[in-house]
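Residue numbers (the working numbering): 418 to 751. Think of the CB as a built atom: it goes at the ideal place given N, C-alpha and C, for glycine as much as any other residue. Beneath this line is the structure, given in structure tokens, with notes to follow.
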């Protein structure tokens, strides 16, 4: 069984795939109903980003027999009933609206429902976790961004965001805030993981923390297993309770067509060596994912790992989708 119960909805809190019919079918095969898709990649200004977005929209439209863009939780539930994949439009960097924050209104009307303020580095809203010169926190423009995101009911995601900037957003937002794919730094000492105080702060907003099996955030010295991922889940559940913990694959299926492309981007000497350069020699193109989780078709293996860790069927259902659906409903509204 892909899920703990036949009517449970599984949600991947962050997915970086290059969408295709094959990828959609693999996702459905794994029992996944919804993914938060990074629909603008790489990050660009608004004009440059539009062709990338147009491509994603075209592929989804061409496969409307198996995919839909949801604008509400009701749409996700309808997709589940129809056996379709709900592809939530998202972006991991708000540089796309830096020139004019009012562009958020266009993204929201297009169907965007989840956005991060920054990705790794500094922009005019705030700082990413690898910002040169340190994290100066949320800017005045960033404060206006938070207010407009709340007004438009777009969910704020703080993965990749610097600790001070993230804390500022968490203190300012009037709606729940999530980390879609950020593990506990206390368990795995990666710059991309987050400290306990941010985990607790996200829960206090009513939001969630999504645990990812991506190896640089799970285990460094040797190739991680899904039991290592389940250990991350258990640690965070112990901190904030099972109502505030979720799953984000951070999978990039189809994005890197060759080993050379992967090495330039996320290999040990890629774009962010502070994160990937700490990995052991095992971390290669062929072993770039956690053992047992190569694609979303392998999602049932995550359920089994949680069960081995002692989680009840109801907790597994919440972690694998129910908690995000609750937050989506609260932020997006009807």
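Beta-carbon spacing of residue i, residue j below 7 Å
i, j, result
"residue 484", "residue 537", "no"
"residue 627", "residue 597", "yes"
"residue 633", "residue 707", "no"
"residue 508", "residue 532", "yes"
"residue 546", "residue 601", "no"
"residue 530", "residue 505", "yes"
"residue 667", "residue 502", "no"
"residue 637", "residue 563", "no"
"residue 713", "residue 447", "yes"
"residue 457", "residue 469", "yes"
"residue 643", "residue 722", "yes"
"residue 740", "residue 635", "no"
"residue 587", "residue 618", "yes"
"residue 406", "residue 514", "This structure gives no information on residue 406, because the portion of the chain shown stretches from 418 to 751."
"residue 593", "residue 744", "yes"
"residue 579", "residue 613", "no"
"residue 554", "residue 585", "yes"
"residue 607", "residue 576", "no"
C-alpha distance - residue i paired with residue j, whole-angstrom precision
i, j, result
"residue 445", "residue 709", "17 Å"
"residue 611", "residue 573", "16 Å"
"residue 692", "residue 455", "20 Å"
"residue 648", "residue 718", "14 Å"
"residue 523", "residue 605", "38 Å"
"residue 750", "residue 489", "7 Å"
"residue 428", "residue 451", "5 Å"
"residue 472", "residue 479", "11 Å"
"residue 748", "residue 698", "42 Å"
"residue 685", "residue 705", "10 Å"
"residue 481", "residue 443", "16 Å"
"residue 687", "residue 465", "23 Å"
"residue 730", "residue 525", "35 Å"
"residue 595", "residue 603", "19 Å"
"residue 467", "residue 728", "42 Å"
"residue 517", "residue 589", "21 Å"
"residue 616", "residue 462", "30 Å"
CA nearest to the CA of residue i, picked from the options
i, options, result
"residue 703", "715, 679, 482 and 637", "679"
"residue 736", "748, 716 and 749", "716"
"residue 534", "582, 663 and 720", "582"
"residue 520", "681, 607 and 565", "565"
"residue 622", "603, 657, 651 and 599", "657"
"residue 760", "471, 730, 609 and 624", "Because residue 760 is not part of the residues shown, which for the chain are 418 to 751, the question remains open."
"residue 625", "517, 603 and 659", "659"
"residue 477", "528, 462 and 491", "528"
"residue 725", "510, 449 and 651", "651"
"residue 433", "453, 731, 516 and 748", "453"
"residue 544", "517, 510, 525 and 516", "510"
"residue 492", "700, 518 and 426", "426"
"residue 494", "449, 731 and 591", "449"
"residue 677", "661, 665, 701 and 655", "701"
"residue 742", "591, 661 and 682", "661"
Cβ of residue i within 7 Å of any chain B Cβ
i, result
"residue 562", "Note that chain B does not occur in the displayed structure, where there is just one protein chain."
Proximity test, residue i beta-carbon vs the ligand ADP heavy atom, cut-off 6 Å
i, result
"residue 685", "As far as ligands go, the structure on display features none, and thus does not contain the ligand ADP."
Item checked: Start-end ranges of the alpha helix (DSSP H) lying completely within the segment 599-662, minimum 4 residues -> 613-621 and 643-657
Check: Can at least three beta-carbon pairs, one atom from the segment 664-680 and one from the segment 431-441, be found at a separation below 8 Å?
Finding: yes
Next item on the list: Take every Cβ of the segment 530-549, pair it with every Cβ of the segment 559-577, and state whether three or more of those distances are shorter than 8 Å.
Entry: yes
Check: Given 8 Å as the limit, is there contact between the segment 638-648 and the segment 565-584, that is, 3 or more CB pairs closer than that?
Finding: no
Checklist line | Residue ranges of each alpha helix (DSSP H) within the segment 467-553, 4 or longer | finding: 490-499 and 520-527
Note to self: Could you tell me which whole alpha helix (DSSP H) segments of length 4 or greater appear in the segment 568-593?
What the structure shows: 580-589
Next item on the list: Quick one: which unbroken alpha helix (DSSP H) runs of 4-plus residues sit fully inside the segment 427-472? Chain order, please.
Entry: 438-446
Next item on the list: Only counting runs of 4 or more residues, tell me where the alpha helix (DSSP H) segments fall wholly within the segment 664-708, in order along the chain.
Entry: 676-683 and 690-693
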